[in-house]
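J.:
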Amino acid sequence: MSHGPSASGGALVAAPPHGHYHDEPHEPVFVGEARTQLDTILSRYPTKQAALLPALWMLQDARGWVSEKGIEEIASLLEITPAYIKGVVSFYTMYHQHPVGRHFIQVCTTTPCNICGAEEVVKSFLEHTGCGDLGLTSPDGTYTVIEVECLGACGFATPVMINNDFIESVTPESVPRILSELK
Ligand code: FES
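First residue of the sequence shown? That's 8 in my numbering, and the numbers climb one at a time after it.
(1) With DSSP run on the structure shown, which of helix, strand or coil describes THR54?
(2) Please decide whether VAL167 counts as near chain C, where near means a Cβ-Cβ distance under 8 Å.
(3) Given that a residue counts as buried once 16 or more other Cβ atoms are within 10 Å of its Cβ, and exposed if not, what is GLU180?
(4) Where do the ends of the beta strand (DSSP E) carrying VAL107 lie?
(5) For LYS190, count the other beta carbons within 10 Å of its own beta carbon; 16 or more makes it buried, fewer makes it exposed. Which is it?
(6) Please classify THR118: is it buried, with 16 or more other beta-carbons within 10 angstroms of its beta-carbon, or exposed?
(7) For the ligand FES, I want to know if THR100 counts as a neighbour, meaning its beta carbon is within less than 7 Å of at least one of the ligand's heavy atoms.
(8) Do PHE173 and VAL152 have their C-beta atoms closer together than 8 Å?
(9) With DSSP run on the structure shown, which of helix, strand or coil describes PRO91?
(10) On the three-state DSSP scale, how would you describe THR151?
(11) Tell me the DSSP secondary structure of PHE37 in three-state form.
(12) Is the beta carbon of VAL38 less than 8 Å from the beta carbon of TRP72?
(13) Who are the near neighbours of MET168 in its chain, counting only those whose CB is closer than 7 Å to its CB and skipping five residues on each side?
(14) Which residue marks the beginning of the alpha helix (DSSP H) containing VAL129, and which one marks its end?
(15) Do THR2 and the ligand FES come close, with the Cβ less than 7 Å from some heavy atom?
(16) Going by the CB atoms, is the gap between PRO166 and GLU175 shorter than 8 Å?
(17) Please work out which residues of its chain come closer than 8 Å, Cβ to Cβ, to THR88, disregarding the five sequence neighbours upstream and downstream, and give them in chain order.
(18) Say the cut is 7 Å; is the CB of LEU158 nearer than that to a heavy atom of the ligand FES?
(19) In whole angstroms, give me the CA-to-CA distance for ALA22 and CYS115.
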């Protein structure tokens with residue numbers, strides 16, 4: 008699966024250069040209820056390091072993406088290095104390495120879906136969300152659209168993931184309805 012937003016220019020809200028967010032203030036995520044939840048997760052694993060993926064998921068759930076400061080917080084809690092965590096974050100497509108829209112739209116454009124018109128579906132999403140280009144976020148912060156590789160539904164082109172929801176057989180014409188049904 009290809010990874011994360013692939014910004015390719017355009018005039019809207021592009022992902023800034025890597026590192027741009029480093030100076031952003033960071034309120035700790037793992038306090039109060041979240042800390043209790045993390046402790047519960049930790050109790051299920053043989054080592055602290057083994058809880059890295061769910062900890063990253065909690066961070067992203069709380070903040071919408073995995074920030075540098077968030078990584079440092081987790082590194083401290085799980086007693087592993089930030090460099091190790093960054094390697095993990097960059098490996099998995101489910102973690103966002105910079106802020107994305109409230110609705111994160113992933114369209115499969117691998118060959119079988121491409122042959123069935125996935126590029127037109129992408130164009131329709133870009134047009135109707137106002138994102139303008141892949142990897143960019145719409146000016147109101149609502150949408151980010153990216154291409155991904157096989158979503159495992161090759162017989163149901165074009166499959167699309169919007170946040171955690173999976174939608175099969177999306178066509179350019181069905182895009183406006185799908186967007187209008189998002190909350
Ligand atoms: S190629 Fe698109 S889901 Fe497999």
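Just so it is clear, CB atoms sit at the ideal spot from N, CA and C, and this is done for glycine as well.
T.: In short, the structure shows the following:
(1) The three-state reading of DSSP puts THR54 in coil, since its state is none of H, G, I, E or B.
(2) Looking at the structure shown, chain C is missing, and only one protein chain is on hand.
(3) Result: exposed.
(4) Per DSSP, VAL107 belongs to no beta strand (DSSP E) and is neither H nor E.
(5) So LYS190 counts as exposed.
(6) Classification for THR118: exposed.
(7) For the ligand FES, not one heavy atom lies less than 7 Å from the Cβ of THR100.
(8) Going by C-beta atoms, PHE173 is not nearer than 8 Å to VAL152.
(9) Per the sequence presented here, residue 91 reads as Tyr, with Pro not at that position. Here TYR91 carries a helix assignment [DSSP, helix/strand/coil].
(10) Correct three-state label for THR151: strand.
(11) DSSP, reduced to helix, strand and coil, places PHE37 outside both helices and strands of the structure shown, so it counts as coil.
(12) Going by C-beta atoms, VAL38 is not nearer than 8 Å to TRP72.
(13) Answer for MET168: GLN113 and LEU158, listed in chain order.
(14) VAL129 -> alpha helix (DSSP H) spans 125-136.
(15) Because residue 2 is not part of the residues shown, which for the chain are 8 to 190, the question remains open.
(16) Cβ atoms of GLU175 and PRO166: closer than 8 Å.
(17) Close CB contacts of THR88 within its chain, under the 8 Å cut and outside five residues either way in sequence, are with ALA82 (chain order).
(18) Yes.
(19) At ALA22 the pLDDT is 43, less than 50, meaning the model places this residue with poor confidence and gives no usable figure here.
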